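Everything on this sheet refers to the single structure shown next.
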Amino acid sequence: MSTESPAVLIVGSVALDSLETPYGAANDTLGGSAVYGSLACSMLAPVRLVGVVGSDYPSEGIELLTSKGVDLEGLEVIEGGETFRWSGRYDGDLGAAETLETHLNVFADFSPKLPGDYANTPYVFLANIQPGLQAQVLEQVASPLLSMCDTMNLWLDTVPDEVEAMIGKVDIALMNDAEAQQLTQESHLIAAAEKTLKLGAKRSIVKKGEHGAFICTDDGCRFIPPYPTTRIIDTTGAGDTFAGGVIGHLASTGDLSDDNLMRAAAVGTVLASFCVEELGVKGLAAATREDLEERYEALEKSSRIPSL
Ligand code: AMP
163 MSTESPAVLI
173 VGSVALDSLE
183 TPYGAANDTL
193 GGSAVYGSLA
203 CSMLAPVRLV
213 GVVGSDYPSE
223 GIELLTSKGV
233 DLEGLEVIEG
243 GETFRWSGRY
253 DGDLGAAETL
263 ETHLNVFADF
273 SPKLPGDYAN
283 TPYVFLANIQ
293 PGLQAQVLEQ
303 VASPLLSMCD
313 TMNLWLDTVP
323 DEVEAMIGKV
333 DIALMNDAEA
343 QQLTQESHLI
353 AAAEKTLKLG
363 AKRSIVKKGE
373 HGAFICTDDG
383 CRFIPPYPTT
393 RIIDTTGAGD
403 TFAGGVIGHL
413 ASTGDLSDDN
423 LMRAAAVGTV
433 LASFCVEELG
443 VKGLAAATRE
453 DLEERYEALE
463 KSSRIPSL
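Those letters in the sequence shown? Residues 163 to 470, by the working numbering.
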């Protein structure tokens, strides 16, 4: 982590996940959009996490985040409360997870109040959680240099207007392919990304899982390929990890140009490759800055198109 970089505020779920994959299963393992995002981002910039857990949250989770330098002053612990739980199952190709159960638990009554100096954080990542909570956090940040939001099908099914309102307020709207199609009713992904821009976001990123991502602005769309790992064990949190890498790179460089957003997306795709190689947060937690740089270089070389 570079302590000189400006900080990134991340709000999202801090969860206990139960996972079923063809390669293994886990019960009540560390997860959550804010946790994956924070672990990824903390490799590049200081992170301030905003979220809530119950007193059942294991000390292992706190220790892991603390060991990566994540500031947990904004993580509320509700005495006697139960931590957010999500369970999901994956089929053979580990594409999209089928959600089996979601228990918001302490997130149902969460009303985030930013502690200390958090309101002055320059970079804000509103990771997947109720859009109403994302809005409450964004409203409390004085004047972010860059804000980015993610979402998921549950919120598009239940509170689509709130998702649209949030997209209208951020610099970067992030979604996976199915979510972009659901939001815009466009099956063509570039058309879907363009419609997302019409909702007000300055840039839109459409994640395509193992097929990379589109990065779209008013000047058009560019494609970032995935890092071609052949070991795919569990794709949980890959999208959040990608996002943490994107905002971490932008914060650590301070360069918000379109070219640097491409570099940020390449960092995100490399970090996502570490995430999918092990069950839960294990692969990402073990990755080092050197690992990241090595894979970035390999991705850069493998994706260069020779000139005609
Ligand atoms: P991803 O695989 O990137 O879509 O994110 C998976 C993570 O999202 C898991 O660790 C879950 O705990 C978390 N998650 C699943 N459903 C929700 C939800 N409705 N709100 C917030 N986080 C969720």
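Glycine residues also receive a C-beta, built at the ideal position from the N, C-alpha and C atoms.
Quick caveat, the model's predicted, so the values are computed rather than measured.
What distance in whole Å lies between the Cβ atoms of residue j and residue i, which are believed to be in contact at a cut-off of 8 Å?
i       : j       : result
Ile-395 : Leu-446 : The Cβ separation is near 12 Å, so there is no contact.
Lys-370 : Asp-339 : 5 Å
Leu-171 : Thr-245 : About 21 Å separates the two Cβ atoms, so there is no contact after all.
Ala-202 : Thr-398 : So it is not a contact: roughly 13 Å between Cβ atoms.
Ile-240 : Gly-216 : 5 Å
Val-438 : Thr-391 : 7 Å
Pro-168 : Tyr-285 : 6 Å
Met-337 : Val-368 : 6 Å
Ala-427 : Leu-412 : Not a contact, Cβ separation roughly 10 Å.
Gly-223 : Leu-192 : 5 Å
Leu-351 : Phe-376 : 6 Å
Asp-420 : Asp-381 : 7 Å
Ignore the nearest five residues each way along the sequence and tell me which others in residue i's own chain have a CB closer than 6 Å to its CB.
i       : result
Ser-366 : Ala-335, Ala-355, Thr-358, Leu-359, Cys-378
Ser-164 : Low confidence applies to Ser-164: its pLDDT is 44, below 50, so where it sits in the model is not reliable, and the reading given next is rough at best. For Ser-164, where only same-chain residues beyond five positions count, the Cβ hits under 6 Å are Ser-414.
Pro-387 : Gly-374, Ser-465
Tyr-389 : Thr-431, Val-432, Ser-435, Arg-457, Leu-461
Ser-249 : Ser-180, Leu-262, Glu-263
Gly-186 : Leu-441
Gly-407 : Ala-202, Val-429, Gly-430, Leu-433
Ala-304 : Ala-281, Asn-282
Gly-410 : Cys-203, Leu-206, Ala-207
Gly-257 : none
Glu-182 : Arg-251
Ala-259 : Gly-250, Tyr-252
Ala-270 : none
Identify the continuous beta strand (DSSP E) that holds residue i and give its terminal residues.
i       : result
Tyr-252 : It is not in any beta strand (DSSP E) - Tyr-252 carries neither H nor E in the DSSP assignment.
Arg-365 : 365-369
Tyr-285 : 285-288
His-265 : 260-265
Phe-272 : From DSSP, Phe-272 is part of no beta strand (DSSP E); its letter is neither H nor E.
Glu-238 : 237-240
Arg-384 : 382-386
Thr-379 : 375-379
Leaving out five residues before and five after residue i in sequence, what residues of the same chain have Cβ atoms less than 8 Å from its Cβ?
i       : result
Ala-341 : The question names Ala, but residue 341 is Glu in the sequence shown. Thr-313, Met-314, Asn-315, Leu-318, listed in sequence order.
Pro-277 : Glu-235, Gly-236
Gly-330 : Leu-361, Gly-362, Ala-363
Arg-247 : Ala-177, Leu-178, Asp-179, Ser-180, Asp-190, Glu-263, Thr-264, His-265, Asn-267
Tyr-219 : Val-176, Leu-178, Val-239, Thr-245
Thr-346 : Ala-353, Ala-354, Lys-357, Thr-358
Ala-448 : Phe-436, Glu-440
Gln-296 : Val-173, Leu-288, Cys-311, Met-328
Ser-349 : Gln-343
Asn-422 : His-411, Leu-412, Thr-415
Tell me which residue opens and which closes the alpha helix (DSSP H) that residue i is part of.
i       : result
His-411 : 400-415
Ile-224 : 221-229
Gly-430 : 420-438
Glu-459 : 451-464
Leu-446 : 444-448
What residues in its chain sit with their C-beta under 7 Å from that of residue i, if we drop five residues either side in the sequence?
i       : result
Val-321 : Pro-293
Asp-255 : none
Leu-307 : Pro-284, Tyr-285
Met-424 : Ile-377, Arg-384, Ile-386
Using a C-beta cutoff of 7 Å, does residue i count as contacting chain B?
i       : result
Leu-412 : Here there is only one protein chain, and chain B is not present.
Three-pair Cβ contact test at 8 Å for the stretch 196-204 versus the stretch 173-186 | Yes: the two stretches touch, three or more of their Cβ pairs being nearer than 8 Å.
Write down every uninterrupted run of the beta strand (DSSP E) in the stretch 298-357 whose length is 3 residues or greater and which is fully enclosed by it, in chain order.
-> Runs of the beta strand (DSSP E) inside the stretch 298-357: 308-311, 334-338.
With contact counted as at least three CB pairs below 8 Å, one residue from each stretch, are the stretch 205-212 and the stretch 231-247 in contact?
-> Touching, per the Cβ criterion.
Those runs of the beta strand (DSSP E) which lie wholly inside the stretch 172-229 and span at least 3 residues | As far as the stretch 172-229 is concerned, its whole beta strand (DSSP E) runs of at least 3 residues are 177-183, 186-193, 209-216.
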